[in-house]
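Sequential numbering from 1 applies to the sequence shown in full-length UniProt numbering.
Have a look at the structure below, then the notes.
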Amino acid sequence: MVREWEPSMASDAEVAAVVDLLNAAVEVDTPGDPPWIVDGFREYVATTMPGERRAAWVVGEEGGPLLGYAMMLLMDDMGVFELSVHPEARRHGVGSALLLAAARRASDEGIPSLGIEVVGDTPAVPFYEGHGFRWAYAEMRNVLDLSTVDWQRLDEMARGIGSGYRVEAYPGGPPEELYAAYAAAKESVRGDDPADLELRPSSYDPERLRDSLATLHARGLKPYIVLAIHESTDTVAGLTEVVVPRQRPSRADQYDTVVVPEHRGYGLGRALKARMLFELKAAEPTLREVQTWHDAENEPLLKVNAELGFQPDREWREYEVEVVDLLHRLRPAVL
Ligand SMILES: CC(C)(COP(=O)(O)OP(=O)(O)OC[C@H]1O[C@@H](n2cnc3c(N)ncnc32)[C@H](O)[C@@H]1OP(=O)(O)O)[C@@H](O)C(=O)NCCC(=O)NCCS
């Protein structure tokens with residue numbers, strides 16, 4: 001009943017069936033989240049970074065509604081797995097069958113573990129815990145409703161930086177000549193949070209940054225970058241990244257915000273994020289919200305987000321499991 005699904009070859013009708021299934025799940029699991037739209041969805045799931053691969057599976061007849069959909073990003077040390085079962089088809093083993101397909105593929109490819117992101121308070125928590133996944137990390141999602149923003153106050157925040165810094169905005173990505181400085185700023189905070197499974201990999205070197213930007217564009221994810229330049233050393237002292245997805249254009253994703261350790265305490269984090277909101281307001285008239293995730297212990301970031309008007313929304317958890325253990329557990333349950 002599980003069949004492998006190749007998004008680049010699938011019919012338009014089948015791509016639409018996957019979107020319908022995801023939206024039916026969003027409606028019950030995370031009501032209030034915007035629905036996916038079909039425009040750009042194929043590119044979103046079919047495109048990967050160079051050297052990475054994805055595999056996907058569906059449950060359901062070709063041409064009809066789908067009961068389940070799963071996708072795995074195959075990395076050397078981990079498969080990053082996603083799964084959705086139609087609310088009306090749950091508790092019949094569909095999710096477990098899709099998980100088995102992914103575990104078998106990971107095993108065939110020599111990938112030792114699977115990592116997943118789960119929204120707290122949804123059936124995914126008992127499902128993965130029941131399959132032996134270990135809870136590794138938790139983050140809080142925060143959402144900013146742009147209609148509630150006090151733009152005058154935000155303007156003060158955007159200007160409130162120490163002297164010796166200048167802020168620059170780059171819709172589409174930083175210019176080539178800044179790639180090395182940009183990647184160096186990201187490298188400076190690498191591994192700050194050892195518990196994070198890094199399911200959303202970051203770009204710590206210029207080559208990877210180039211590939212990453214090209215991949216974002218090819219997937220229909222438009223990046224906006226705001227940088228703080230430390231003028232006397234001409235280095236990147238801080239940065240913030242937001243992506244506006246073509247497949248969910250009313251809600252943007254805040255990616256990394258980094259202030260290099262020696263430049264902390266000069267108001268850069270707040271100013272960068274505030275300036276970013278002005279950039280988005282001007283360039284993306286249909287955008288209504290921005291979402292961001294952060295460690296509940298990260299006090300400086302919590303404070304900045306609260307000042308900007310972000311509201312805590314839901315807990316997101318990362319879980320992991322060894323593929324060998326998962327296969328042992330799944331085989332008797334599913335076969
Ligand atoms: C989690 C999910 C994939 C489970 O799919 P499913 O087809 O219902 O799973 P299965 O039937 O294979 O369930 C296997 C076992 O998991 C556990 N389980 C699954 N759903 C459960 C629930 N709601 N409560 C308690 N245990 C549950 C049970 O132990 C179940 O075995 P049982 O039915 O014999 O008791 C499905 O609920 C889903 O798609 N949820 C949304 C996924 C999601 O988080 N999407 C991302 C939102 S951004």
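Heads up, the beta-carbon is just placed ideally off N, CA and C, and yes, glycines get one too.
Please tell me whether residue i and residue j are closer than 8 angstroms, where the distance is taken between their beta carbons.
| i | j | result |
| --- | --- | --- |
| residue 316 | residue 139 | yes |
| residue 172 | residue 112 | no |
| residue 65 | residue 17 | yes |
| residue 287 | residue 237 | no |
| residue 98 | residue 74 | no |
| residue 79 | residue 71 | no |
| residue 15 | residue 41 | yes |
| residue 159 | residue 123 | no |
| residue 323 | residue 100 | no |
| residue 308 | residue 273 | yes |
| residue 85 | residue 67 | yes |
| residue 51 | residue 13 | no |
Along the beta strand (DSSP E) that carries residue i, what are the first and last residues, could you check?
| i | result |
| --- | --- |
| residue 255 | 251-259 |
| residue 38 | Residue 38 -> no beta strand (DSSP E), and no H or E assigned at all. |
| residue 321 | 311-322 |
| residue 290 | 289-294 |
For residue i, which residues from the same chain have a beta carbon less than 8 angstroms from its beta carbon, with the 5 sequence-adjacent residues on both sides left out?
| i | result |
| --- | --- |
| residue 188 | 258, 260, 261 |
| residue 166 | 228, 229, 231 |
| residue 142 | 291, 292, 293, 294, 305, 310, 311, 312, 313 |
| residue 47 | 215, 218, 219 |
| residue 330 | 96, 99, 100, 103, 131 |
| residue 125 | 118, 317 |
| residue 263 | 165, 228, 230, 237, 238 |
| residue 76 | 111 |
| residue 147 | 288 |
| residue 30 | 119, 122, 314 |
So the alpha helix (DSSP H) residue i belongs to, where does it begin and stop?
| i | result |
| --- | --- |
| residue 277 | 268-283 |
| residue 237 | Where residue 237 is concerned, there is no enclosing alpha helix (DSSP H), although the beta strand (DSSP E) it sits in stretches over 235-245. |
| residue 165 | Element bounds for residue 165: not the alpha helix (DSSP H) but the beta strand (DSSP E), 165-171. |
| residue 215 | 206-218 |
| residue 227 | Per DSSP, residue 227 belongs to no alpha helix (DSSP H); it is in the beta strand (DSSP E), 221-230. |
| residue 178 | Note, residue 178: premise wrong, no alpha helix (DSSP H); not H, not E. |
| residue 305 | 299-308 |
Ignore the nearest five residues each way along the sequence and tell me which others in residue i's own chain have a CB closer than 6 angstroms to its CB.
| i | result |
| --- | --- |
| residue 326 | 103 |
| residue 185 | 236, 239, 258, 260 |
| residue 244 | 222, 252, 284 |
| residue 162 | 266 |
| residue 270 | 157, 304 |
| residue 289 | 143, 145, 251 |
| residue 25 | 84 |
| residue 8 | 46 |
Can you name, in chain order, every residue of its own chain whose Cβ lies under 7 angstroms from the Cβ of residue i, other than the five neighbours on each side?
| i | result |
| --- | --- |
| residue 127 | 95 |
| residue 338 | No answer is possible for residue 338: the residues shown for the chain start at 1 and end at 335. |
| residue 268 | 161, 165, 228, 237, 238, 259 |
| residue 276 | 224, 226, 240, 242 |
| residue 174 | 182, 225, 227 |
| residue 21 | 66, 69, 84, 86 |
| residue 246 | 39, 40, 220 |
So residue i and residue j are supposed to be a Cβ contact under 8 angstroms. How far apart are they, rounded?
| i | j | result |
| --- | --- | --- |
| residue 34 | residue 219 | Between residue 219 and residue 34 the Cβ distance is about 17 angstroms, and since that is not below 8 angstroms, they are no contact. |
| residue 241 | residue 256 | 5 angstroms |
| residue 116 | residue 170 | About 33 angstroms; that fails the 8 angstroms criterion. |
| residue 319 | residue 118 | 6 angstroms |
| residue 205 | residue 183 | 5 angstroms |
| residue 321 | residue 133 | 4 angstroms |
| residue 150 | residue 49 | Between residue 49 and residue 150 the Cβ distance is about 38 angstroms, and since that is not below 8 angstroms, they are no contact. |
| residue 55 | residue 45 | That pair is no contact at about 11 angstroms. |
Exercise for review: Please list the segments of the alpha helix (DSSP H) lying wholly inside the UniProt domain "N-acetyltransferase" (1-155), counting only runs of 4 or more residues, in order along the chain.
Suggested key: 12-29, 41-46, 94-108, 124-130
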